[in-house]
Amino acid sequence: MTTDLKTENTAKPWQRLHEADHELYALCEQELTRQRQGLELIASENFAPSTVITALANVFMNKYAEGLPAKRYYGGCSVTDDLECLAIERAKKLFNSSYANVQPHSGAQANAAALMALASPNDKILALDLAHGGHLTHGSAVNFSGRFYQSHFYGVCDRSGILDYERIAACAKEVQPQVIIAGASAYSRCIDFQKFHHISKEVGAYLLVDMAHIAGLVAAGVHPSPLPWADVVTTTTHKTLRGPRSGLMLWNNADLSTKLNKGVFPGTQGGPMQHVIVAKALCFKEAMHSSFVEYQRQTIANAKALAAEFERQGLAVLTGGTDNHLVLLDLSATKFSGKFAEQVLESAAISVNKNMIPGDKRSPMITSGVRIGTPAVTTRGMREQEMVTIATFIQRALENANNADYLVVLKHEVEAFAANFPLYPEW
Ligand SMILES: *Cc1c(COP(=O)(O)O)cnc(C)c1O
Numbered sequence: 246m247t248t249d250l251k252t253e254n255t256a257k258p259w260q261r262l263h264e265a266d267h268e269l270y271a272l273c274e275q276e277l278t279r280q281r282q283g284l285e286l287i288a289s290e291n292f293a294p295s296t297v298i299t300a301l302a303n304v305f306m307n308k309y310a311e312g313l314p315a316k317r318y319y320g321g322c323s324v325t326d327d328l329e330c331l332a333i334e335r336a337k338k339l340f341n342s343s344y345a346n347v348q349p350h351s352g353a354q355a356n357a358a359a360l361m362a363l364a365s366p367n368d369k370i371l372a373l374d375l376a377h378g379g380h381l382t383h384g385s386a387v388n389f390s391g392r393f394y395q396s397h398f399y400g401v402c403d404r405s406g407i408l409d410y411e412r413i414a415a416c417a418k419e420v421q422p423q424v425i426i427a428g429a430s431a432y433s434r435c436i437d438f439q440k441f442h443h444i445s446k447e448v449g450a451y452l453l454v455d456m457a458h459i460a461g462l463v464a465a466g467v468h469p470s471p472l473p474w475a476d477v478v479t480t481t482t483h484k485t486l487r488g489p490r491s492g493l494m495l496w497n498n499a500d501l502s503t504k505l506n507k508g509v510f511p512g513t514q515g516g517p518m519q520h521v522i523v524a525k526a527l528c529f530k531e532a533m534h535s536s537f538v539e540y541q542r543q544t545i546a547n548a549k550a551l552a553a554e555f556e557r558q559g560l561a562v563l564t565g566g567t568d569n570h571l572v573l574l575d576l577s578a579t580k581f582s583g584k585f586a587e588q589v590l591e592s593a594a595i596s597v598n599k600n601m602i603p604g605d606k607r608s609p610m611i612t613s614g615v616r617i618g619t620p621a622v623t624t625r626g627m628r629e630q631e632m633v634t635i636a637t638f639i640q641r642a643l644e645n646a647n648n649a650d651y652l653v654v655l656k657h658e659v660e661a662f663a664a665n666f667p668l669y670p671e672w
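Using the numbering used here, you'd call the opening residue of the sequence shown number 246 and step up by one each time.
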């Protein structure tokens with residue numbers, strides 16, 4: 246190891262593992278190499294800035310701080326209180342909300358807390374079907390949300406792939422849910438939160454908007470915000486928002502504050518991860534920067550370019566395009582399943598994930614679709630013209646799916662292409 250000034254200034258946070266535990270050091274290095282070499286098109290992933298990753302390694306990790314600022318169950322929390330208040334203020338400012346809880350450990354935890362606060366066991370909840378782009382925590386039978394609540398689902402229109410608000414309203418009237426959940430993991434169009442608000446009010450339900458995927462777009466003002474319309478908004482902070490792996494809850498109605506805060510602690514979590522709250526507060530600050538708005542605009546422009554190129558090549562794009570950071574390929578007219586396409590692309594160093602499509606005849610483990618997102622490649626600096634190249638790589642991989650030699654050559658081509666967009670050059 247050289248120890249010149251440059252290396253010291255840009256030390257990787259795991260550098261000290263080099264002496265302390267060489268096995269762990271080697272794994273961290275292997276993963277950095279993997280992330281650099283391939284094309285990351287998983288829509289829920291991103292590359293947090295090295296400042297955010299470095300910020301995770303701090304001494305707040307040692308502190309127990311159950312409770313809220315100035316209302317803790319432990320002593321020694323005065324500095325922790327200042328930190329958490331700063332993070333809360335930044336979250337409120339970024340998303341223009343009256344209240345925030347920055348303690349959820351993840352998106353799933355934020356949803357557990359919100360449901361704990363707004364519904365009782367056996368109450369009815371109504372959410373987007375998993376097969377139509379919903380999330381496990383929105384009432385799936387294999388998740389707490391499907392075990393503890395009576396879950397009902399609305400879907401997208403089978404033909405267009407777009408949310409049909411009239412049908413959702415009719416469904417809400419019939420089900421009479423306690424909570425309606427809007428938000429998705431695999432939906433490529435703008436969601437009309439105002440319509441969801443009216444549907445919820447009409448049936449006397451709470452509206453929970455889970456903006457996990459689009460939080461960065463919302464923060465940048467390039468997707469309409471759910472904040473004026475939802476009773477509570479939950480999100481992750483590591484997807485388009487490009488922060489640490491974590492969660493967040495936001496709301497405007499003071500009457501819900503006690504319930505929602507209690508839903509997090511003591512409802513569903515113990516001590517908050519204050520060291521992660523440091524990195525979250527940093528990500529909120531970075532998201533207020535004009536360069537972040539530019540990044541989100543480019544993320545959408547890239548997704549649109551990708552969708553247009555797929556269509557030009559004759560691959561079916563669900564909904565015929567995209568308004569956000571992701572594109573859903575409908576492979577049902579091809580000989581490929583989503584699972585097979587995912588595997589073929591992986592052998593060419595392209596990461597995507599299989600995805601159900603509306604009316605899918607295959608199981609969730611096989612599927613007839615693929616979800617492709619642009620947040621990570623946009624962070625690497627790629628623009629529209631690179632999206633055309635990526636669509637071509639994908640097309641070539643699928644066309645030569647059974648030719649292992651071809652895929653090896655293509656993999657090298659993909660890796661050489663990715664190397665033109667250095668990832669973490671400071672490391
Ligand atoms: C990713 C996601 C979550 C879960 O987030 P985790 O941090 O993985 O727990 C919740 N809801 C939606 C809509 C998501 O896309």
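For each residue, glycine too, the CB sits at the ideal point set by N, CA and C. The structure presented is a predicted model; accordingly, all values stated were derived computationally and were not measured.
### Query
For Tyr270, which residues from the same chain have a beta carbon less than 7 Å from its beta carbon, with the 5 sequence-adjacent residues on both sides left out?
The sequence position of residue 270 within the sequence shown is 25, counting from 1. Trp259, Leu262, His263, listed in sequence order.
### Query
Enumerated in chain order, which unbroken segments of the alpha helix (DSSP H) with a length of 4 residues or greater are wholly contained in the segment 570-657?
583-591, 620-624, 629-644
#### Entry: Rounded C-alpha distance that separates Cys330 from His520
Here residue 330 refers to the residue found at position 85 of the sequence shown. Here residue 520 refers to the residue found at position 275 of the sequence shown. C-alpha separation (whole angstroms): 14 Å.
### Message
Under 8 Å, with one C-beta from each stretch per pair, do the segment 657-667 and the segment 281-295 reach the 3-pair mark?
### Response
yes
### Task
Starting from Phe398, follow the beta strand (DSSP E) in both directions and report where the run begins and ends.
In the sequence shown, counting from the first residue as 1, residue 398 sits at position 153. Note, Phe398: beta strand (DSSP E), 395-399.
### Message
Using only CA atoms, which one of Glu411, Asp368, Ala427, Tyr399 lies nearest to Ser390?
### Response
In the sequence shown, the residue the question calls residue 390 occupies position 145. With distances taken between Cα atoms, Ser390 lies closest to Asp368.
### Query
Does DSSP classify Met533 as helix, strand or coil?
Position 288 of the sequence shown, counted from the first residue, corresponds to residue 533. Three-state DSSP puts Met533 in coil, outside helix and strand.
### Message
Following a CB-centred definition, is Asp209 positioned closer than 7 Å to any heavy atom of ligand 1?
### Response
In this structure the chain extends from 246 to 672, so residue 209 is not present and cannot be described.
### Query
Asn569 and Leu452: beta carbons closer than 8 Å?
Taking the first residue of the sequence shown as position 1, residue 569 is located at position 324. Taking the first residue of the sequence shown as position 1, residue 452 is located at position 207. Cβ distance not < 8 Å, so Asn569 and Leu452 don't count as in contact.
### Task
Counting only the same chain and skipping the five closest in sequence on each side, list residues whose C-beta sits under 8 Å from that of His657.
In the sequence shown, the residue the question calls residue 657 occupies position 412. Excluding positions up to five away in sequence, the list is empty.
### Query
Could you give the C-beta distance for Pro620 and Asn341, rounded to a whole number, given that I count them as a contact under 8 Å?
Locating residue 620 in the sequence shown gives position 375, counting from the first residue. Locating residue 341 in the sequence shown gives position 96, counting from the first residue. About 22 Å; that fails the 8 Å criterion.
### Message
Does the beta-carbon of Asn356, which I'm using as the reference point, lie nearer than 7 Å to any heavy atom of ligand 1?
### Response
Walking along the sequence shown from the start, residue 356 turns up at place 111. Result yes, Cβ under 7 Å from ligand 1.
### Task
Within its chain, find whatever has a CB closer than 6 Å to the CB of Ala345; leave out the 5 residues flanking it on each side and keep chain order.
Position 100 of the sequence shown, counted from the first residue, corresponds to residue 345. Hits under 6 Å: Ile333, Ala336, Lys337, Leu495.
### Task
Quick one: measure Cβ to Cβ for Arg404 and Gln543, integer angstroms, because I've assumed they're closer than 8 Å.
Counted from its first residue, the sequence shown places residue 404 at position 159. Counted from its first residue, the sequence shown places residue 543 at position 298. The pair is not a contact, with the Cβ atoms about 31 Å apart (cut-off 8 Å).
### Task
Just tell me which of Ala561, Glu591, Thr624 has its CA closest to the CA of Ile545.
Here the question's residue 545 lines up with position 300 in the sequence shown. With distances taken between Cα atoms, Ile545 lies closest to Thr624.
### Message
Using the three-state DSSP reduction, which class does Asn303 fall into: helix, strand or coil?
### Response
In the sequence shown, the residue the question calls residue 303 occupies position 58. Looking at Asn303 - three-state DSSP - the assignment turns out to be coil, as it is neither helix nor strand.
### Task
Go through its chain and collect everything with a Cβ distance to Thr482's Cβ below 8 Å, but skip five positions before and after it.
Taking the sequence shown and counting its residues from 1, one reaches residue 482 at position 237. Excluding positions up to five away in sequence, the list reads Ala460, Gly488, Pro489, Arg490, Ser491, Gly492, Leu493, Lys525, Cys528.
### Task
Apply the 10 Å Cβ neighbour rule to Arg434 and answer buried if 16 or more other Cβ atoms are within range, or exposed otherwise.
On the sequence shown, position 189 is the one that residue 434 refers to. Arg434 should be labelled buried.
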